[in-house]
Amino acid sequence: MKDEKKRRRKRGHWTKNDTELSILALPTTVWYVLFCFLPMFGLIGAFKNYKLFQGKGFFYNLLHSEWAGFSNFEFMVKSRDLFIILRNTILYNLVFIVLGMFLSVSLAVMISLIYSKRKAKVYQTLMFFPYFMSWVVAAYFVDAFLNVENGMINSMIRDGGGQAVQWYMTPGVWPFILVFMYLWKNTGYSMVIYLSSIAGIDQTLYEAAVMDGANKRQQVFNITLPCLKNVIVMMFILNVGKVFYSDFGLFYQTSQGAKGSIFNATATIDTWVFNAIQSSTPMGMTLAVTLFQSVACCITILLANALVRKVDSDSAII
Amino acid sequence: MARVKDGQMADSLVRLNRIKPQTNVIFNILFAVFALISIIPVFFVFMISISSEDAIRMNGYRFWPEAFSAEAYTFLLREAEAILRALGISVLVSVVGTILGLFLTSTMGYVISRSNYKLNGFMTMVVFIPMIFNGGMMSSYVINTQFLHLGDTVWALILPLCVSSFNVVICKTFFKTNIPDSIIESAQIDGAGQLKIFARIALPLSKPMLATIALFLCFGYWNDWFQSTLYINNNALLSLQAFLNRIQSSLEVLANNPALGVSIQQYINSMPQEGARMAMAIIIIVPIACSYPFFQKYFISGLTVGAVKG
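Chains as they are written, first to last, in our numbering: chain R, 2 to 319; chain U, 3 to 312.
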């Protein structure tokens, strides 16, 4: 990397080549400035009391608003909501990572052992399907089962002589529903990733193992899983890096708004911010929460990346 | 054993080295169950969409309704204007977004793949920093509405989604490994500029990669509803997904507002009913379900490139 830089510097001055490449890069650079870097700059609003000046643009307002120091953050730390959304975001992510990984790795190994490759392909195609549904559509699926008046589960309870349950107001069941829906939508997808690594394993390893008298179970535990180790570790670390983010659609759509009596069970940082945008929460406070989220994400991603580099330096993103 | 030919031996080795037949049966049953769980909601929603409204009112949603009816679909046909407009928005956003995104992604990917470019380090930073740190939902929302004034325009659905650093990196890796410097140098000796090289050499050589990225983009746009919930109030600009989202929430509002009295009944009657909502969901699922078996292969190849090269 350093050598490359030195070489570049040695090569001297700006050429027509560089001009042409700059022209090619210009539109995308403008896009990055407008949609990535300006929002980063906008985060200084977290330290301001945002005020509207008559007839002025957003940045004029932002720069001329009073500094508020850390008062926006103080409010955030004091509110009970922050604790709940932070706990939910992290805990759900951890459960998703552990269960998702266990399920998709074991299913990938199992599907690779099925005799008929054609059947395996059919199963895989069907299981990948939910990934292509948007969360809006998935929310309709959930509603078809859980709807208070018409939902299938309540109809079955009524047929059995029981009392219908207000599922969208019962916090206790939501952790299970959300975990189930996450697995329903994403297992097929991550199974595909592991399956393609399994397909890449050198077949001669298995042949040698058979010669040594290993049975299939021993082959799985001593060849397949060790060969998958790098991918598993990498997926694990990459997911841990995103532990402060939540899949907005999952939490917002399936729970139909993540508020009211199931707020404690379903709200995450992202649903809270979204609801804050829709309501009249002061901008500075909402920005403070997102700034906290972005910084936390940045730190976890960098840590995760450092770990990836230890495992497999080619896979590190930085 | 010694007399068996090589091919047959390999074959018998495979036959010897596999799970027990009972285990195979168990695995097959297990996967059949999983596959069923994956698609049964679609079937269920379809059955609801062809149930008669009375049967739903009597028995709730059933896998096998007592009475079938196409009233949901005829209702949607009557409302065809709104649905066709939403479909038009979805198609417009997907097509324009994919083309624009493909252009922005491939140019940037190409530029940062050229190691002798003077600003290479800077441009790479421009692409990488957003992967690590971002302004977040609130800040983007404020900038897009108050500074760029994208609220209630179709651009709010297109622009924020058209570039992702992840795609740019896939592009860069592909160009770097598949288009050797020697080809570019020889083209330059023949007098071609970078713009020409990009359009005439780099792009034609990377059709498979471009197809994969186009697929990612197109799929992202088609399934997007989030941008609409944030930026769109004008009902004429709702995409299909946003339309579906909207009819769910407004039915909720009706059901939770008994104070409105008599007008509720009239209102409900004029709104899409139970079956119609589900029929709407089916209309959105069908194009994906039909095209999905064909594009699955490209999608998987893109995913695995992404997973390996990060």
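Note that beta-carbon positions come from the ideal geometry of N, C-alpha and C, so glycine has one too.
This one's a predicted model, so the numbers in the text were calculated from it and none came from an experiment.
Whole-angstrom C-beta distance between R/I98 and R/F237, which should lie under 8 Å: For the purposes of this step, residue 237 of chain R is taken as residue 236 along the first sequence, with counting starting at 1. For the purposes of this step, residue 98 of chain R is taken as residue 97 along the first sequence, with counting starting at 1. The Cβ separation is near 7 Å, so the contact holds.
Neighbouring residues, chain U, relative to R/T29 (Cβ below 7 Å): Translated into the one-based positions of the first sequence, residue 29 of chain R becomes position 28. Chain U residues near R/T29: L106, T109, M110, V165.
Minimum Cβ-Cβ distance from R/V180 to chain U less than 7 Å: The residue you call residue 180 of chain R lines up with position 179 of the first sequence. No, because no Cβ of chain U sits closer than 7 Å to the Cβ of R/V180.
Same chain, Cβ closer than 7 Å to U/C220, five either side skipped, listed in chain order: What you label residue 220 of chain U is simply residue 218 of the second sequence in a count that begins at 1. Hits under 7 Å: S96, T100.
Partners in chain U for R/N155, counting only beta-carbon separations shorter than 8 Å: For the purposes of this step, residue 155 of chain R is taken as the residue at position 154 of the first sequence. Within 8 Å Cβ-Cβ: G62.
Pairwise C-alpha distance: R/Y190 and R/K118: The residue labelled residue 118 of chain R in the question sits at position 117 within the first sequence. The residue labelled residue 190 of chain R in the question sits at position 189 within the first sequence. Between R/K118 and R/Y190, the C-alpha separation is close to 18 Å.
Min CB distance U/W157 to chain B below 7 Å: Of the protein chains in the structure, R and U, none is chain B.
Within chain R, partners of U/F228 - CB distance below 8 Å: As a working mapping, residue 228 of chain U is identified with position 226 in the second sequence. Those are F249, G250, listed as they occur along chain R.
Extent of the continuous alpha helix (DSSP H) to which R/Y124 belongs: Position 123 of the first sequence, counted from the first residue, corresponds to residue 124 of chain R. Note, R/Y124: alpha helix (DSSP H), 118-129.
Within 7 Å, strictly: CB atoms of R/Y141 and R/L251: Your numbering for residue 141 of chain R matches position 140 in the first sequence. Your numbering for residue 251 of chain R matches position 250 in the first sequence. Taking 7 Å as the Cβ cut-off, R/Y141 and R/L251 do not qualify as a contacting pair.
Selected residue, minimal CA-CA separation from R/A297, among R/W168, R/F245, R/M102: To locate residue 297 of chain R, count along the first sequence from 1; it is residue 296. That would be R/F245, whose Cα lies nearest to the Cα of R/A297.
Check whether U/I134 and R/I302 have beta carbons under 7 Å apart: Translated into the one-based positions of the second sequence, residue 134 of chain U becomes position 132. Translated into the one-based positions of the first sequence, residue 302 of chain R becomes position 301. Yes, Cβ-Cβ distance for U/I134 and R/I302 is below 7 Å.
Alpha-carbon to alpha-carbon, U/I114 and R/E21: For this step, residue 21 of chain R is matched to residue 20 along the first sequence. For this step, residue 114 of chain U is matched to residue 112 along the second sequence. R/E21 and U/I114: Cα-Cα distance of roughly 13 Å.
Between the CA atoms of R/Y195 and R/I154 - distance to the nearest angstrom: In the first sequence, counting from the first residue as 1, residue 154 of chain R sits at position 153. In the first sequence, counting from the first residue as 1, residue 195 of chain R sits at position 194. Going by the C-alpha atoms only, they are around 34 Å apart.
C-alpha distance - R/L127 paired with U/L38, whole-angstrom precision: Here residue 127 of chain R refers to the residue found at position 126 of the first sequence. Here residue 38 of chain U refers to the residue found at position 36 of the second sequence. In a straight line, the C-alpha of R/L127 is about 8 Å away from that of U/L38.
Short-range partners of chain R found in the stretch 174-185 of chain U, where Cβ spacing is below 8 Å: none
Start and end residues, alpha helix (DSSP H) containing U/D351: Here chain U comprises residues numbered 3 to 312, so residue 351 of chain U is not present and cannot be evaluated.
Neighbourhood of R/L308 by C-beta distance below 7 Å, restricted to the same chain and skipping five residues each side: Looking up residue 308 of chain R in the first sequence gives position 307. The beta carbon of R/L308 lies closer than 7 Å to those of I238 in the same chain, with the five residues before and after it left out.
Straight-line gap, U/A278 to U/F168 (C-alpha atoms, nearest Å): Along the second sequence, read from residue 1 onward, the residue named residue 278 of chain U stands at position 276. Along the second sequence, read from residue 1 onward, the residue named residue 168 of chain U stands at position 166. If you take the alpha carbons of U/A278 and U/F168, they lie about 38 Å apart.
R/E67, DSSP secondary structure in three states: As a first step, residue 67 of chain R is located in the first sequence; it is residue number 66 there, counting from the start. DSSP places R/E67 in strand when its eight states are reduced to three.
Check whether R/G43 and U/S141 have beta carbons under 7 Å apart: Here residue 43 of chain R refers to the residue found at position 42 when the first sequence is read from its first residue. Here residue 141 of chain U refers to the residue found at position 139 when the second sequence is read from its first residue. In this structure, U/S141 lies closer than 7 Å to R/G43 by Cβ.
Contacts of R/D271 in chain U (Cβ-Cβ under 7 Å): Here residue 271 of chain R refers to the residue found at position 270 of the first sequence. Those within 7 Å of R/D271 in chain U are M139.
Through-space distance from R/N276 to U/S104, alpha-carbon basis: Residue mapping note: residue 104 of chain U aligns to position 102 of the second sequence, counting from 1. Residue mapping note: residue 276 of chain R aligns to position 275 of the first sequence, counting from 1. The sequence shown places Leu at residue 104 of chain U, rather than the Ser named in the question. Distance between the alpha carbons of U/L104 and R/N276: 33 Å.
is_contact[R/A145, chain U] using C-beta, thresh 7 Å: The residue given as residue 145 of chain R occupies position 144 in the first sequence. For R/A145, the answer is yes, since a Cβ of chain U falls inside 7 Å of its Cβ.
Assigned exposure category for U/C292 - 16 Cβ within 10 Å defines buried: In the second sequence, the residue the question calls residue 292 of chain U occupies position 290. With fewer than 16 other Cβ atoms within 10 Å, it is exposed.
Neighbour flag for U/S71 against chain R, beta carbons, 7 Å: Looking up residue 71 of chain U in the second sequence gives position 69. Chain R, which has no Cβ nearer than 7 Å to the Cβ of U/S71, makes this no.
Contacting residues, own chain, Cβ-Cβ under 7 Å from R/W165 (five flanking each side not counted): Numbered from its first residue, the first sequence carries residue 165 of chain R at position 164. At residue 165 of chain R the sequence reads Ala, which differs from the Trp that was named. Excluding sequence neighbours, R/A165 sits near V149, N155, I158, R159.
Spatial neighbours of U/P132 in its chain, beta-carbon cut-off 8 Å, leaving aside the 5 residues before and after: In the second sequence, counting from the first residue as 1, residue 132 of chain U sits at position 130. Taken in chain order, the residues that qualify are S167.
The alpha helix (DSSP H) enclosing R/Y51, as first and last residue numbers: For the purposes of this step, residue 51 of chain R is taken as residue 50 along the first sequence, with counting starting at 1. DSSP places R/Y51 in no alpha helix (DSSP H); its state is neither H nor E.
Partners in chain R for U/G304, counting only beta-carbon separations shorter than 9 Å: Within the second sequence, the letter at position 302 stands for residue 304 of chain U. Near U/G304 there are no residues of chain R at all, since even the closest Cβ is about 11 Å away, more than 9 Å.
Option nearest R/W175 by Cα separation, candidates R/K57, R/S135, R/Y253, R/P28: Looking up residue 175 of chain R in the first sequence gives position 174. Taking only the C-alpha atoms, the option nearest R/W175 is R/Y253.
Three-state secondary structure assigned by DSSP to U/F130: The count along the second sequence starts at 1 and reaches residue 130 of chain U at position 128. U/F130 falls in the helix class under three-state DSSP.
Rounded Cβ spacing between U/M110 and U/V129 (contact assumed at less than 8 Å): To locate residue 110 of chain U, count along the second sequence from 1; it is residue 108. To locate residue 129 of chain U, count along the second sequence from 1; it is residue 127. Contact holds; Cβ gap of about 7 Å.
Residues of the stretch 43-62 of chain U with Cβ closer than 9 Å to any Cβ of chain R, in chain order: P43, V44, F46, V47, I50, I58, R59, N61, G62
For R/K17, the first and last residue of its enclosing alpha helix (DSSP H): The count along the first sequence starts at 1 and reaches residue 17 of chain R at position 16. Run containing R/K17: 17-33, per the alpha helix (DSSP H) assignment.
Contact check, R/N73 vs R/A289, beta carbons under 7 Å: Locating residue 73 of chain R in the first sequence gives position 72, counting from the first residue. Locating residue 289 of chain R in the first sequence gives position 288, counting from the first residue. A contact, by the Cβ cut-off of 7 Å.
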